[in-house]
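Under numbering that gives the first Met the number 0, the first residue of the sequence shown carries the number 0, and numbering increases by one thereafter.
Don't be surprised by glycine CBs; every beta carbon is placed ideally from N, CA and C.
Just so you know, these numbers come straight off a predicted model, no measurement behind them.
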Amino acid sequence: MVEPTGPMQRFISGWFSRRIAVAIIGSVALFLLGVCAPKPVYRISLEGLFPAHNPLIQSQERARSAFGDNRFVLLAYQDPEVLTAEGIKRTAEVEGLLREISAVRDVLCLATLDKQLQLLGSSITAKRGMAERYRQMFTGFTHDSQHSVAGFICLLAPLDDLEEEVQLVAQLRNTISRPPTGLGSGIVVGEPVLVADAYSSIRRDSVRLQFAATLLLALVLAFCLRSLGWVIVVFSIVQLSIWAATGAAGILNLHWSLLSSMFPAIIVVIGAGALTHLAVWSRRLLSEQGSAEAAVMAAVDRLAWPILATCVTDAMGFLALLVSPVVPLREFALMVTLGIFFLLVSSCCLFPLFGCWALRNGALLKEDYRRNTPQNTAAFFVRSRRGLLVYVGIVLIASTGVTRLQLETDITKSFRDDSKLAGSFRFVEQRMGGAGIWEVHIPVEGTLSRSLMIRIGKLSSDLRELQIPIDAAQPNEMERPITNVVSLADVLTAADGTNFLLAAAPMPLRVQGIKTAMPVFYSTMFGQTDDGRRYLRILVRSPDARDVQWKRELIDTVDNMARVQFPIAADENDIRRNEELRVAGTFVVIARMVESLLVDQWRTLGVALVCVLLTLVVFQRRLFVAVIALLPSLMAIIAVLGLIGWCRIHVDLGVVMIAAVSLGLAVDGAIHMLNSIERELARGCPYREAIQLGVRATGGPLTYATIAVVVGFSTLAASDFMPSVTFGLLVGVATTVGLIGNLTVVPTCLCWLGRRHFSLLRPSTSNEVQASQTTENVE
0 MVEPTGPMQR FISGWFSRRI AVAIIGSVAL FLLGVCAPKP VYRISLEGLF PAHNPLIQSQ
60 ERARSAFGDN RFVLLAYQDP EVLTAEGIKR TAEVEGLLRE ISAVRDVLCL ATLDKQLQLL
120 GSSITAKRGM AERYRQMFTG FTHDSQHSVA GFICLLAPLD DLEEEVQLVA QLRNTISRPP
180 TGLGSGIVVG EPVLVADAYS SIRRDSVRLQ FAATLLLALV LAFCLRSLGW VIVVFSIVQL
240 SIWAATGAAG ILNLHWSLLS SMFPAIIVVI GAGALTHLAV WSRRLLSEQG SAEAAVMAAV
300 DRLAWPILAT CVTDAMGFLA LLVSPVVPLR EFALMVTLGI FFLLVSSCCL FPLFGCWALR
360 NGALLKEDYR RNTPQNTAAF FVRSRRGLLV YVGIVLIAST GVTRLQLETD ITKSFRDDSK
420 LAGSFRFVEQ RMGGAGIWEV HIPVEGTLSR SLMIRIGKLS SDLRELQIPI DAAQPNEMER
480 PITNVVSLAD VLTAADGTNF LLAAAPMPLR VQGIKTAMPV FYSTMFGQTD DGRRYLRILV
540 RSPDARDVQW KRELIDTVDN MARVQFPIAA DENDIRRNEE LRVAGTFVVI ARMVESLLVD
600 QWRTLGVALV CVLLTLVVFQ RRLFVAVIAL LPSLMAIIAV LGLIGWCRIH VDLGVVMIAA
660 VSLGLAVDGA IHMLNSIERE LARGCPYREA IQLGVRATGG PLTYATIAVV VGFSTLAASD
720 FMPSVTFGLL VGVATTVGLI GNLTVVPTCL CWLGRRHFSL LRPSTSNEVQ ASQTTENVE
């Protein structure tokens, strides 16, 4: 071991001399940050998908202000005799059980309607007249069109705690799954059910995925490094960084969201990949340096810049997601970036001490294993230009599938097909007229007059008769997308023609009658916002499992119809109000979110490309070299996106992240390779020989690190949240394709580029090489 010759080596030497104190102080500080800081809270809601200033969220807030924090769920079970006296009796029994649940404010079902009609001298089972109009109006809500399904619309009270939400959904499922009739299990759907199931899935996946990633990576590292000591080092550092990042996220008021279950597993994977390089090089340098401390110091000196660069590029890939308007994506990006930052901090604190311990206790097990096989594998790729041609050909063929990318618009596809939620939504989609339930808000300027109700009824009728093209490929084939419409006007007009006195009564009196007989229903259909504006609500039902263009045209058409038929006075104070979105609901918000995903994918990729390229220019000091380092990663991403198109994998939240994140992860190998080539050039090797030696030196560590990354991300396949599954599997594919590109594209392009682009070396590189040569001369 020689005396440190450069400022970087002197810093590392002083750092290592105090490694025990640094490890104790640093680990205690990071542990306290993770334990004592407030934990991030869960935010899983429609309002959490977009920023507060988004028109969609403003329409949701308007609905909450005007109609109260009303949340609806639909429960249903099959009953072929639902419109018989016995069927109505069974619905009444289930209604009674539902009303016993404290969080259920009101229930609407056939039994409820039957009670209202009996006050008017009729019955819901009557064949004609008012009963028939009521059945038509509430088809898809209280029963299906074939009269073989009983439905229950439950109005739920707001709950502050997600654990209470989960318990409520469990109570509802338990009630409807064993109705007193013994007719079989029922289903429950609605936004509260979606939120509760998503929350349960996140909590379950977060622990399970971290455990699976840790276990599988431990096995991979133990096999590749032949030392359990290095496994302990890697996961001690990773776990400490996860604790600290979680505490920092709580301080910054970040939230757990639908994507949060992947956070621990991703940090485990990134940390294992980076620390694998340090472990391999510490072993390689042991025989040269003579002691574990000197070998670890030399490995840190050699890899400090490339590991810093890889962590920065990884963070840039995630930070590119900040340009997306989808809030869960943005908060997830910030959390992972915090994890990467604390991964660097915890590595600085623990690796000098733990690395020396692991190297002293496990070095002899790895010596022969590392000397030959990885170098032969890497040299094969350098010598064979046929591999480059095959690689480029495959990438070009796969990339043609990019034009075939399609958006996933069915929210149930975010969960496994065998889940209760997916099965329930499919039942409603097929049997109850569609799973898309949304609403139209009509501004009310005066009183609830007869003329206003006529206009509301006209709009409801127009919505039922609305026709749009089946799809873009068949513009001349039309269909009626709206299966049912319910408004206050529909309830009032349903009684017309059955009672002369009732029909002749003043409209305010008739409205008051509805308010008295059905107070909760009335409050959910007519209300006033906090600033004094009044709105009528029209409930709309439509199919949900349709493509995004179909949904966009339907939503825009309905919104425009509401604006045209109910404009607001065009004075200066009402211009902004007249431009506000008139539609709201789960169907609308999810459709608009999905619509933005494909644009977000290319936008985030573009931002990641620029940020990663600038990072490479800073660390490599040459634009052409940075472009070469980025080229195989970009080719891998384009190939994977094309593969997604060819395999008809629809774009969801997981696929959106793949391009930007994979770009940051796949470029790591090129950074390590260029660092080794640069050092060989500093030793005086000829240019082509330096490239071959650099690839040989990094071939093994890159292969092991890639195996760790692929195995780690593959654990996401165990998630119940399907975007996590597609993200994990496709990032693993992109990283593998990127490794092949790094071993073929980078060395071949560098041979074509020429020696002059490596003329500037970092001082630390020259100093380290000089020290190494001095050691060799002494020996």
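Distance CB(residue i)-CB(residue j) smaller than 8 Å
i	j	result
I589	L257	no
G400	G605	no
D320	R18	Position check: residue 320 holds Leu in this sequence, whereas Asp was assumed. It is not a contact, given that the beta carbons lie outside the stated cut-off.
G526	A65	yes
T697	M672	yes
P722	S413	yes
L780	L193	Because the chain is modelled from 0 through 778, residue 780 falls outside the range shown and cannot be assessed.
T556	V654	no
L535	L608	no
I236	L274	yes
V93	G189	no
L107	I152	yes
L554	V598	Looking at the sequence itself, residue 554 is Ile, so the reference to Leu does not match. The answer is no: Cβ separation not under 8 Å.
G699	V279	yes
D546	D489	no
V206	H142	no
W437	V582	yes
L277	F350	yes
Proximity to residue i [Cα-Cα], best of the options
i	options	result
R132	T528, G13, V484 and E579	V484
G354	P542, A197, A22 and V106	A22
S460	T492, G433 and Q429	T492
I11	M634, A303 and A211	A303
V708	L729, F565, Q117 and D105	L729
E779	F49, G13 and Q57	Nothing about residue 779 can be reported from this structure: the residues present for the chain run from 0 to 778 only.
L342	M315, F623, V233 and F317	V233
C348	S240, I455 and I637	S240
E162	V148, A197, H146 and F151	A197
M592	S323, A638 and A149	S323
P746	S713, I637 and L629	L629
N360	Q548, L749 and R282	R282
L32	D530, L337, I481 and R70	L337
T213	L715, G711 and A544	G711
I624	S122, A221 and N674	Correcting the residue type first, residue 624 is Val in the shown sequence and not Ile. Closest option to V624, Cα to Cα, is N674.
Y390	L738, M517 and P54	L738
Q209	G228, V187, S632 and Q238	Q238
Counterpart residues of residue i in DSSP-defined beta bridges
i	result
F151	L74
F525	L535
V439	I537 and V582
T483	According to the sequence provided, residue 483 is Asn. The question's Thr does not apply to it. Paired residue(s): R540.
Q473	D470
Y41	W255
T138	H142
F720	F414
V188	L73
E552	None; E552 has no bridge partner.
E164	Beta-bridge pairing links E164 to no other residue.
E594	The partner list for E594 (beta bridge, DSSP) is empty, contrary to what the question assumes.
E478	I467
Any non-hydrogen atom of the ligand ADP within 7 Å of residue i CB
i	result
G698	The ligand ADP is not among the ligands present in this structure, which contains no ligands whatsoever.
I'd like the ranges of any alpha helix (DSSP H) spanning at least 4 consecutive residues and lying wholly in the segment 223 to 305.
227 to 250, 262 to 283 and 285 to 288
The segment 646 to 661 in contact with the segment 728 to 746 per 3-pair CB rule at 8 Å:
yes
Which runs of the alpha helix (DSSP H) fall wholly inside the segment 381 to 428 and span at least 4 residues, in chain order?
384 to 398
Within the chosen definition, does the segment 461 to 479 reach the segment 418 to 433 through at least 3 CB pairs nearer than 8 Å?
no
For the 8 Å Cβ check, are there 3 or more pairs between the segment 201 to 210 and the segment 246 to 261?
yes
Does the segment 58 to 73 come within contact of the segment 121 to 128, defined as at least 3 CB pairs closer than 8 Å?
no
Can you list the alpha helix (DSSP H) stretches of 4 or more residues lying completely in the segment 648 to 711, in chain order?
652 to 665 and 667 to 681
If you pair each beta-carbon of the segment 437 to 454 with each one of the segment 520 to 536, do three or more pairs fall below 8 Å?
yes
If we count Cβ pairs, one from each stretch, closer than 8 Å, do we get three or more for the segment 237 to 256 versus the segment 31 to 42?
yes
Tell me, please, whether the segment 97 to 109 touches the segment 158 to 176 by the rule of three or more beta-carbon pairs shorter than 8 Å.
yes
Secondary structure, beta strand (DSSP E): runs of 3+ residues fully inside the segment 88 to 135
103 to 107
Across the segment 77 to 94 and the segment 109 to 118, are there enough close Cβ pairs to call them in contact, namely three or more that are closer than 8 Å?
yes
Which parts of the segment 305 to 366 are runs of the alpha helix (DSSP H), unbroken and 4 residues or longer, counting only runs that do not cross its ends?
326 to 361
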